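Numbering (the working numbering), first residue to last: 1 to 125.
Glycine included, each C-beta is placed from N, C-alpha and C at the ideal position.
Keep in mind the model is a prediction, meaning the values are calculated, not measured.
Written out as structure tokens, the structure is:
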């Protein structure tokens, strides 16, 4: 909980617009391999060291999710994205730490993932 790994490993977006299912499947496999391989990247290993963890104890999962959005010219962007945390380290007002917090952003949300500021939203359960 105190050593988040969000954004440490690679992300791969694939268009999934090939007509042949075999080609789409190969693209998916390539993306999964890239994400798994990112655990061995220099930046990821350095983060594990800084976090005081052992790479042997590290566990990861590959998440495959559909991106919903709109075309903008010859590009496709999600309408909204961001980062969700299950624990809010800086609760304000009536918020409770265990209620979590999300930081939404328009488009790909790269600003949020890179540590920029966004609009924090507390989810009351």
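Can you say whether residue i is buried or exposed, counting buried as having 16 or more other CB atoms within 10 angstroms of its CB?
i	result
residue 107	exposed
residue 90	exposed
residue 62	exposed
residue 101	buried
residue 93	exposed
Just list the residues that DSSP pairs residue i with in beta bridges.
i	result
residue 103	83
residue 71	76
Assuming contact is defined by CB atoms lying nearer than 8 Å, are residue i and residue j in contact in what I supplied?
i	j	result
residue 39	residue 58	yes
residue 81	residue 44	no
residue 87	residue 78	no
residue 26	residue 16	no
Give the DSSP-derived three-state secondary structure of residue i in the structure shown.
i	result
residue 77	strand
residue 12	coil
residue 31	helix
Rounded to the nearest angstrom, what separates residue i and residue j at their Cα positions?
i	j	result
residue 85	residue 13	22 Å
residue 70	residue 36	29 Å
residue 68	residue 75	13 Å
residue 5	residue 47	8 Å
residue 50	residue 95	30 Å
residue 22	residue 10	24 Å
residue 18	residue 83	29 Å
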